[in-house]
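No gaps in the numbering here: position 178 of the sequence shown is 178 in the working numbering, and each next residue is one more.
Written below as structure tokens is the structure these notes are about.
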Amino acid sequence: IEGIEKELDDKTKLLDEKINSEIHLSNIIISKDKLIDDLRLEKNSIDKKAEALQNTVDKSQKEIEILKEENEKIQKQLQEKLSEIKELTEQKNKKLFSTKEVAEYKFETRKYTKNYDVNKALRHKDANVKLVIEELKDIAIYSRNNKDYMIAYVALKNIVKDKDRLEKIIKEIAIAKTKQRLELDRFINAISLEKNRLN
1 IEGIEKELDD
11 KTKLLDEKIN
21 SEIHLSNIII
31 SKDKLIDDLR
41 LEKNSIDKKA
51 EALQNTVDKS
61 QKEIEILKEE
71 NEKIQKQLQE
81 KLSEIKELTE
91 QKNKKLFSTK
101 EVAEYKFETR
111 KYTKNYDVNK
121 ALRHKDANVK
131 LVIEELKDIA
141 IYSRNNKDYM
151 IAYVALKNIV
161 KDKDRLEKII
171 KEIAIAKTKQ
181 RLELDRFINA
191 ISLEKNRLN
């Protein structure tokens, strides 16, 4: 009987060990499955974030493309406007005076050496308007002071009431200023050529 009991105890112990081993193995398998599930969930989360990020990038790229197209459109419109303004200015200048009129315009050299005082001229406008208009015109053409030129020009527009006469005066000033600019350009070019020749 004792031998049978001992054998039974041994078999019971082996059975317990086997059961414990299977339980341990089962726990390992469960832990492994849980880990796999956790990793799968983490991967899904990462995939969703990546997809959301890609959508944001795609949206940003589309917005950038739209902005680039709008910018190109604005640049094109601006260039067209600038060309239009340039063309209108050229047409206006052509109507105002011709190159022949500029070439034939004669300066009164003595008037370049005269001292001009625009404020003094304006003080006499009530006494002799005709004389003041001529003085202001000379200041606008011959004065080396840009401030005096602008004051004289604006004063002429306010004093001369006859539209045709004002247009004639403005035309003469424009012709004179254009010729002065052309002569100055020629003078600068001549100096540059001489300087290059000497070098």
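Cβ atoms here follow ideal geometry from the backbone N, Cα and C, with glycine treated the same way.
Run through DSSP, which three-state label would Ala52 get? helix
Using only alpha-carbon positions, find the residue among Tyr116, Asp164, Lys179 and Ala127 that is nearest to Lys151. What sits at residue 151 in the sequence shown is Ile, not Lys. Of the candidates Tyr116, Asp164, Lys179 and Ala127, the one whose C-alpha sits nearest the C-alpha of Ile151 is Tyr116.
Would you call the region 78-89 and the region 140-158 in contact, with 3 or more CB pairs under 8 angstroms? no
Under the three-state reduction of DSSP, which class applies to Arg165: helix, strand or coil? Three-state result, Arg165: helix.
Answer yes or no: do Val132 and Ile159 have a C-beta to C-beta separation smaller than 9 angstroms? yes
Just verifying my parser: in three-state terms, what is the DSSP assignment at Asn115? coil
Inspect the beta-carbon positions of Lys168 and Val102 and report whether they are closer than 9 angstroms. no
Which stretch, first to last residue, makes up the alpha helix (DSSP H) that contains Thr109? Per DSSP, Thr109 belongs to no alpha helix (DSSP H) and is neither H nor E.
Exposure of Ile74, with buried meaning 16 or more beta-carbon neighbours within 10 Å: exposed
Selected residue, minimal CA-CA separation from Lys114, among Ile188, Asp126, Ile141 and Tyr105: For Lys114, the nearest C-alpha among the options comes from Ile141.
Return the first residue and the last residue of the alpha helix (DSSP H) that Asp138 is part of. Val129 to Tyr142
May I ask you to report which of helix, strand or coil DSSP gives Val154? helix
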